[in-house]
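The structure appears below as structure tokens.
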């Protein structure tokens, strides 16, 4: 199973996005190789984008939906705490950490456009749209 990041989904859905074509090709390729899944975190991020729930559900009908579990939430929070120690100016736990923590707890690969902080969760096998 490959957990698909929100960055990939957003580019795939937006035909004007600079990464639309490569994300579309990547999703088509990986769908032929493995089961593609999205996190409930991604679903929440897409809800914030202003589209209707029905439209998002229709777009995501071929993806397996994975709810965020306590193991994934713990991993994400622990990594975030190591990277941003202390309580002053504490930023909220970013969705990226939650999704990557989920990929780690599931032991699955993570398809993303975001190359920031990859070493923060070393037990995730990251793949990118150009990888094939």
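Numbering (our numbering), first residue to last: 7 to 138. By construction, the Cβ of each residue, glycine as well, lies at the ideal position given by its N, Cα and C atoms. Nothing here was measured: the structure is a model prediction, and the numbers come from that model.
How long is the line joining the alpha carbons of residue i and residue j, rounded to whole angstroms?
i           : j           : result
residue 52  : residue 60  : 12 Å
residue 17  : residue 23  : 5 Å
residue 100 : residue 58  : 23 Å
residue 89  : residue 19  : 32 Å
residue 8   : residue 91  : 30 Å
residue 130 : residue 25  : 23 Å
residue 81  : residue 87  : 10 Å
residue 113 : residue 128 : 12 Å
residue 108 : residue 115 : 10 Å
residue 41  : residue 34  : 11 Å
residue 29  : residue 77  : 29 Å
residue 39  : residue 32  : 11 Å
residue 123 : residue 106 : 10 Å
residue 13  : residue 49  : 12 Å
For residue i, tell me which candidate among the options has the shortest Cα-Cα distance.
i           : options         : result
residue 103 : 58, 134, 79, 26 : 79
residue 120 : 136, 36, 63     : 136
residue 66  : 138, 134, 10    : 10
Which partner residues of residue i appear in the DSSP bridge assignment?
i           : result
residue 42  : 8
residue 132 : 116
residue 72  : 45
> Do the segment 43-57 and the segment 66-75 meet, that is, are 3 or more Cβ pairs less than 8 Å apart?
Replying inline: yes
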